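The sequence shown finishes on residue 311 if you use this note's numbering, and the numbering steps up by one all the way, no holes.
Report on the following structure.
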Amino acid sequence: MPLKEISRIAVKGWVKTLRRSLAERTVVDVVTLLSMLLGEAVDEGLIGANPCRRLRVNTGDDDERPHASPWQVRAMAQRCSPADAVLVVTAAYTGLRWGELAGLRWGRVDLARGVITIDPDKGALHEVGGRLELGPPKSKAGVRTVHLPPFLVDLLTEHRADRMQDHVFTGLDGGLLRRSNFRRRVWLPLVNGDPTRGWAPIHPGLHFHDLRHTHKTWLIEDSVPEILQCKRLGHRMAGVRGTYSRVSQVMVDAMLDGLQRRWERSLVAPTGQGGVTTYGVDDHVKIVCSQFAPTTAEQPVGSDHRRAL
């Protein structure tokens, strides 16, 4: 589109399109960059005014993104294929970004230590002009080690037994996972419901990125120190506190205990919570993919039906 044809109305329409597939923070960053470029065009005399000037992108409503409960996360997972179920649960219980999950390789998952390490060079999957490319995470702070609660180590161990691919999570063809395909094929039926399958809504309007907000909310509810929250989510803690605060093993252990308890409570939720049949927890709290088993009335959405969930 020629510069002179970029109007304020066109920008607003473009923003609406971006919001269908991108997180709000990403939309703000993109529009900010566009505004800077158009400002330069004004300075060069190429256009008369910047159509992005004083354009409010991030509203108060957008700041308050919803979050899911542990029972809702489990209800979503139960409707998935085995691989997609593990993806949903991993997102909620680690706070990893979509690109970090889609770009994650088994070589960066240490199940013996119970950690995921984000690769500094190819730790995130990016979609540029419709092309999928592996590259660095969003920022330097995104290069981090993420500790896993015990149940998630078990889930990933079970998941790995079925994986021949280098990447932990893949598309239908075993290749890189495309966000738009996953959203249409898996995510929307999970949260919004699907009358053809007899599924009631679980959390209408919830975005996949909201699982990251969900994780942040859980950490706050469990009184996890802010420095650990920032490190885990790949944020840099600014100011004096960021300079002098350090994460200790005691903090990490307490956080993992809280996440483990949340998962265990989700297994013994009142029957019918989120429209999902619940299961008990055995003495050793052995969590494997088979505990996502859908009822006979519910066929899992997505791919990978080689195993029963």
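In this text, a Cβ means the ideal position worked out from N, Cα and C, and glycines have one as well.
Remember, it's a predicted structure, so these values are computed and weren't measured experimentally.
Spatial neighbours of residue i within its chain, please: C-beta separation below 7 Å, excluding the five flanking residues on both sides.
i, result
"Q167", "G176"
"V29", "V17, L20, R21 and V59"
"N194", "P203 and P206"
"H69", "D212, H215, T216 and T219"
"K6", "I49"
"F171", "A85, L89, L103, A104, L106 and L179"
"P122", "P138 and V145"
Assuming residue i contacts residue j under a Cβ cut-off of 8 Å, what Cβ separation, rounded to an integer in Å, is found between them?
i, j, result
"L20", "Y95", "About 28 Å separates the two Cβ atoms, so there is no contact after all."
"H161", "V88", "5 Å"
"L48", "V13", "About 16 Å; that fails the 8 Å criterion."
"C54", "S37", "4 Å"
"G105", "L136", "5 Å"
"L192", "T159", "L192 to T159, Cβ: 24 Å. No contact."
"R234", "G97", "6 Å"
"R107", "H149", "Between H149 and R107 the Cβ distance is about 18 Å, and since that is not below 8 Å, they are no contact."
"E223", "M239", "Actually they do not touch by this definition, with Cβ atoms about 19 Å apart."
For residue i, name the three-state secondary structure that DSSP assigns.
i, result
"C82", "strand"
"D112", "strand"
"D1", "Residue numbering for the chain in the displayed model covers 3 to 311; residue 1 lies beyond these limits and cannot be assessed."
"E129", "strand"
"V145", "coil"
"E223", "helix"
"E46", "coil"
"H217", "helix"
"P206", "coil"
"M257", "helix"
"H161", "helix"
"V290", "Low local confidence applies: a pLDDT of 43 at V290 is under 50, so the model's placement there is unreliable, and no value is given."
"G101", "helix"
"R67", "coil"
"A93", "helix"
"V155", "helix"
"I8", "coil"
"A77", "helix"
"F184", "helix"
"G176", "coil"
"S268", "helix"
"R240", "One detail in the question is off: residue 240 reads as Ala in this sequence, not Arg. Note: A240 maps to coil in three-state DSSP."
"V59", "coil"
"V249", "coil"
Using the DSSP secondary-structure output, state which residues sit across from residue i in a beta bridge.
i, result
"D196", "W201"
"T119", "T147"
"H169", "R107"
"G137", "A126"
Ordered along the chain, which non-local residues of its own chain (more than five positions away) have a Cβ less than 8 Å from that of residue i?
i, result
"G144", "R99, E102, I120, G125, A126, P138 and G236"
"L230", "L221, V249, M253, V254 and M257"
"G50", "V44"
"G277", "Interpretation of G277 is limited by its pLDDT of 43, a score under 50 that renders its predicted location unreliable; no figure is taken from the coordinates."
"S9", "P53"
"L24", "V32"
"R181", "S23, W100, A104, E129 and F210"
"R110", "I118, T119, I120, D121 and G125"
"K140", "R99, G101, A126 and G236"
"D3", "A small fix is needed here, since residue 3 is Met in this sequence, not Asp. Within the same chain, M3 has close Cβ partners A12."
8 Å is my cut-off, CB to CB: does residue i come that close to chain C?
i, result
"H215", "Protein chain content of the structure displayed is limited to a single chain, and chain C is not contained in it."
Which same chain residues end up closer than 6 Å to residue i when comparing Cβ atoms and leaving out the 5 residues on each side of it in sequence?
i, result
"P151", "L258, L261 and Q262"
"T147", "V117 and T119"
"V226", "M257"
"L40", "N52 and C54"
"W189", "F210"
Write down every uninterrupted run of the alpha helix (DSSP H) in the segment 11-57 whose length is 4 residues or greater and which is fully enclosed by it, in chain order.
26-45
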